[in-house]
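Contents: one structure, followed by commentary.
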């Protein structure tokens, strides 16, 4: 009888010890998950703010280029020289591309909000990473091509006898140059967005 009592006591003691260790392990795991979720939520909030800033940059670039129009005053109304964005296919492509970029950024805001509400969800981040990379290429191509034309407008090309027109069309060149600068700012924002999405996915 004494041996049986001893066995029962040892079993009860080991069982209570296991019960005492279980809550400690559970608390440590919960604390780690909470800290990771807070970090990812902070990254998602920064992602949302960057998208808002990129929307402004892309919209300003498209609107500025779209309104770049200047007519030189002359003595008669029958002889006028006019410069507008629609005179150059590159600038037309720029307006269309930057409008697409701005529209995409607006549509991506709900997905960015989802990553804030559910910081551990990988699917929305992966979708944003793929789409951001594709739109980044479109943004960079539009900005680069428009920058080349703006450079020719400012400096010309002596080898091909292309004369600079910015001495005559100053307002036109100022607006187109401002649009190009704004588009490159959007490129910087997109690059940061892609890096943030990659970092957030790596931590999963």
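Residue numbers (the numbering used here): -2 to 201. No residue lacks a Cβ here, since even glycine has one placed at the ideal position from N, Cα and C. The structure displayed is predicted, hence computed values, not measured ones.
A Cβ-Cβ contact shorter than 8 Å links residue 187 with residue 132. Closest in alpha carbon position to residue 172, among 159, 153, 107 and 92, is 92. Where residue 171 is concerned, the enclosing alpha helix (DSSP H) starts and stops at 167 to 199. About 10 Å separates the beta carbon of residue 108 from that of residue 123, a gap too long to meet the 8 Å contact definition. DSSP places residue 109 inside the alpha helix (DSSP H), whose first and last residues are 86 to 114. Taking the Cβ atoms as the reference, residue 58 lies roughly 7 Å from residue 183, within the contact range of under 8 Å. Residue 153 sits in coil when the DSSP states are folded into three classes, being neither helix nor strand. Under the three-state reduction of DSSP output, residue 68 falls in the strand class. The secondary-structure analysis by DSSP pairs residue 59 with nothing; it has no beta-bridge partner. Your pair residue 65 and residue 176 checks out as a contact, with CB atoms roughly 7 Å apart and the cut at 8 Å. Under the 10 Å beta carbon count, residue 157 is surrounded by fewer than 16 other beta carbons and is classified as exposed.
Look at residue 118 here: in three-state DSSP terms it is coil, with no helix or strand label.
Residue 94 and residue 85 have their C-alpha atoms spaced approximately 14 Å apart. The beta carbons of residue 135 and residue 51 sit no closer together than 8 Å. Shown here for residue 159: same chain residues with a beta carbon closer than 8 Å to its own, the five before and five after excluded, namely 149 and 153 in chain order. The alpha-carbon separation between residue 35 and residue 130 amounts to approximately 26 Å. Judged by beta-carbon spacing, residue 194 lies within the 8 Å limit of residue 126, meaning their Cβ atoms are closer than that value.
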